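Chains V and S, in that order, give the protein sequences.
Position one of the first sequence corresponds to residue 705 (this note's numbering), numbered consecutively onward.
Position one of the second sequence corresponds to residue 705 (this note's numbering), numbered consecutively onward.
I have placed the structure first, in the form of structure tokens, so that the comments after it can refer back to it.
Number of protein chains: 2
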Amino acid sequence: MRYHLLVADEQERAEGRRGIERELKRGSLELIVLHLLAPAEAYGYEIVSKLAAETSGALEVTDGTLYPVLYRLERAGFVSVRWETPQRGVPRKYYRLTDAGRAELAALTLEWTTFARAMSRLLRTGRDAR
Amino acid sequence: MRYHLLVADEQERAEGRRGIERELKRGSLELIVLHLLAPAEAYGYEIVSKLAAETSGALEVTDGTLYPVLYRLERAGFVSVRWETPQRGVPRKYYRLTDAGRAELAALTLEWTTFARAMSRLLRTGRDAR
DNA sequence: GCACGATATCTGGTTACGCAAGATATAGGG
DNA sequence: CCCTATATCTTGCGTAACCAGATATCGTGC
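This is how it looks when you write it as structure tokens:
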């Protein structure tokens, strides 16, 4: 099943406005996922729904976007993977942060903060000028 | 001439770390450029140097990145273009915000702020947990 | 017992954009 | 005369988000 997300984005597309949100998410998604995995391990589908719920739609992703991210994180050694096949129910793939993953999370958080601060500072300049 | 930029990025690449900054800029660049054009018209080369100076390196771009952005903005009707050929010196192409450009600037600023706020809120959650 | 929706994961192709690298042209200094 | 600085433009590459589809299992209703 495909999670139905990004309603605002679809509206923008219909209006001819390209969704800039898509681009903004570039590079932030990895950080977002690592952050969500920090408190406890989780499986893909759970992350998608968590994200939609916790950010009330502002940072939603489709599963088709998330799984490649998780795969990338696994390949990079930032998460470890564990399959769980319950007697009843669909098998789940649980992702857990590794030590390298925590280090990466810290690094990306810093990078994001630096970037966001630079943007905020820039956007503040000249707000009363002109 | 190519502006020499993003020293940090090159260091990261040398270390094997891919620069996430590159991805973070996605979608923000248009906003950045529109913002820089808000107080007064400017030419491409000027924008590159201004940006490097004003953000002390945090938001630098190369000219090879900027010119396509400016072209996109022109095609979209967000900036108007004027050539100036002085008696001495290289001709300059001046870009000026249109009314549509100012509207777009406002819209993008709002989108950025919304996104950044959502990110900050998310990254704050669980900062003391575990 | 079977159709259907919800849960859960994976894959292929498309699109878009930042950037490195190269080309081009003018002007001034050693 | 070459080298650097100013100034713009173009090609090609890599990467990442996303859409659309495929697959498989379970619970519920008819």
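Ideal placement from N, C-alpha and C gives every residue a C-beta, glycine not left out.
Values in this document were obtained by computation on a predicted structure and should not be read as measured data.
Practice task
Please check the pair L801 of chain S and I724 of chain V, which I expect to be a contact at CB under 8 Å, by giving their CB distance rounded to whole angstroms.
Solution key: Looking up residue 801 of chain S in the second sequence gives position 97. Looking up residue 724 of chain V in the first sequence gives position 20. Going by Cβ atoms, the distance from L801 of chain S to I724 of chain V rounds to 18 Å, so no, they are not a contact pair.
Exercise for the section: Using 10 angstroms around the beta-carbon of Y775 of chain S, count the other beta-carbons present and answer buried if the total reaches 16, otherwise exposed. Expected result: For the purposes of this step, residue 775 of chain S is taken as the residue at position 71 of the second sequence. In summary, Y775 of chain S is exposed, with fewer than 16 beta-carbon neighbours lying within 10 Å of its beta-carbon over all protein chains present.
Problem - Within chain V, partners of A804 of chain S - CB distance below 8 Å - result: Position 100 of the second sequence, counted from the start, is the residue given in the question as residue 804 of chain S. Residues of chain V passing the Cβ test: none, with the nearest at roughly 12 Å.
Problem - Buried or exposed (CB count within 10 angstroms, at least 16 for buried), L826 of chain V - result: As a working note, residue 826 of chain V is residue 122 in the first sequence. It is buried - the Cβ of L826 of chain V has at least 16 other Cβ atoms within 10 Å.
Practice task
Only counting runs of 4 or more residues, tell me where the alpha helix (DSSP H) segments fall wholly within the region 728-810 of chain S, in order along the chain.
Solution key: The region 728-810 of chain S contains these whole alpha helix (DSSP H) runs: 733-741, 748-758, 767-779.
Handout entry: Rounded separation between R726 of chain V and G731 of chain S - CA only
Key = Counted from its first residue, the first sequence places residue 726 of chain V at position 22. Counted from its first residue, the second sequence places residue 731 of chain S at position 27. C-alpha of R726 of chain V to C-alpha of G731 of chain S: approximately 8 Å in a straight line.
Practice task
Label A822 of chain S either buried or exposed according to how many other C-beta atoms from any shown protein chain fall within 10 Å of its C-beta, with 16 as the threshold for buried.
Solution key: By one-based count along the second sequence, residue 822 of chain S stands at place 118. The residue in question, A822 of chain S, is buried, as its Cβ has 16 or more Cβ neighbours within 10 Å.
Problem - Secondary structure of T829 of chain V, DSSP reduced to three states - result: For the purposes of this step, residue 829 of chain V is identified with residue 125 of the first sequence, where counting begins at 1. In this structure, T829 of chain V counts as coil in the three-state DSSP scheme.
Handout entry: Rounded C-alpha distance that separates T817 of chain V from A810 of chain V
Key = Here residue 817 of chain V refers to the residue found at position 113 of the first sequence. Here residue 810 of chain V refers to the residue found at position 106 of the first sequence. One C-alpha to the other measures close to 11 Å.
Handout entry: Closest residue to L763 of chain V among V:V752, V:A742, V:K797 (Cα-Cα distance)
Key = Here residue 763 of chain V corresponds to residue number 59 of the first sequence, with the count starting at 1. By alpha-carbon distance to L763 of chain V, the top candidate from V:V752, V:A742, V:K797 is V:V752.
Practice task
Quick one: using the 10 Å Cβ neighbour count with 16 as the cut-off for buried, is K754 of chain S buried or exposed?
Solution key: One-based indexing of the second sequence puts residue 754 of chain S at position 50. Classification of K754 of chain S: exposed, given that the 10 Å Cβ count is below 16.
Handout entry: Beta-carbon proximity list for P795 of chain V, same chain, < 8 Å, skipping 5 on both sides
Key = The residue labelled residue 795 of chain V in the question sits at position 91 within the first sequence. If the five residues before and after P795 of chain V are omitted, its C-beta is found closer than 8 Å to the C-beta atoms of W787, E788, T789, all from its own chain and listed in chain order.
Handout entry: Under 7 Å by beta carbon: chain S residues contacting E727 of chain V
Key = Taking the first sequence and counting its residues from 1, the one referred to as residue 727 of chain V is at position 23. Going along chain S in sequence order, the residues near E727 of chain V (Cβ under 7 Å) are R730, G731.
Handout entry: Same chain, Cβ closer than 6 Å to L735 of chain S, five either side skipped, listed in chain order
Key = As a position in the second sequence, residue 735 of chain S is number 31, starting the count at 1. L812, W816, listed in sequence order.
Practice task
Would you kindly work out how many angstroms separate the C-alpha atoms of L777 of chain S and L741 of chain S, rounded to a whole number?
Solution key: Taking the first residue of the second sequence as 1, we reach residue 777 of chain S at position 73. Taking the first residue of the second sequence as 1, we reach residue 741 of chain S at position 37. A straight line joining the alpha-carbon of L777 of chain S with that of L741 of chain S spans about 11 Å.
Exercise for the section: Determine, using beta carbons only, whether I751 of chain S comes closer than 9 Å to chain V. Expected result: As a first step, residue 751 of chain S must be located in the second sequence, where it is residue number 47. Interface residue (Cβ-Cβ distance to chain V less than 9 Å): I751 of chain S is not classified as such.
Exercise for the section: Verify the CB distance criterion: does A746 of chain V have a CB-CB separation below 9 Å to chain S? Expected result: If you number the first sequence from 1, residue 746 of chain V lands on position 42. By the rule that beta-carbons nearer than 9 Å mark a contact, A746 of chain V does not touch chain S.
Handout entry: Short CB-CB distance (under 9 Å) between F819 of chain V and chain S
Key = Your numbering for residue 819 of chain V matches position 115 in the first sequence. At least one chain S Cβ lies under 9 Å of F819 of chain V.
Exercise for the section: Report, in whole angstroms, the separation of the C-beta atoms of L770 of chain V and G748 of chain V, which I expect to be a contact under 8 Å. Expected result: Position 66 of the first sequence holds residue 770 of chain V. Position 44 of the first sequence holds residue 748 of chain V. Contact between L770 of chain V and G748 of chain V holds: CB atoms are separated by about 6 Å, below the 8 Å threshold.
Problem - Cβ shell of A804 of chain S (< 6 Å), same chain only, five flanking positions each side left out - result: The count along the second sequence starts at 1 and reaches residue 804 of chain S at position 100. Taken in chain order, the residues that qualify are G781, F782.
Exercise for the section: Pick out whichever of S:P772, S:V773, S:V737, S:S824 has its Cα sitting closest to the Cα of A756 of chain S. Expected result: Taking the first residue of the second sequence as 1, we reach residue 756 of chain S at position 52. Checking every option, the nearest Cα to that of A756 of chain S belongs to S:V737.
Exercise for the section: Give me the Cα-Cα distance between Q791 of chain V and V765 of chain V, rounded to the nearest whole angstrom. Expected result: Here residue 791 of chain V corresponds to residue number 87 of the first sequence, with the count starting at 1. Here residue 765 of chain V corresponds to residue number 61 of the first sequence, with the count starting at 1. If you take the alpha carbons of Q791 of chain V and V765 of chain V, they lie about 29 Å apart.
Exercise for the section: Report buried or exposed for A820 of chain S, applying the criterion of at least 16 other Cβ atoms within 10 angstroms of its Cβ. Expected result: What you label residue 820 of chain S is simply residue 116 of the second sequence in a count that begins at 1. Under this definition A820 of chain S is a buried residue.
Handout entry: Sub-9 Å separation of T829 of chain S and E745 of chain V beta-carbons
Key = Walking along the second sequence from the start, residue 829 of chain S turns up at place 125. Walking along the first sequence from the start, residue 745 of chain V turns up at place 41. Against a cut-off of 9 Å, the Cβ pair of E745 of chain V and T829 of chain S comes out as no contact.
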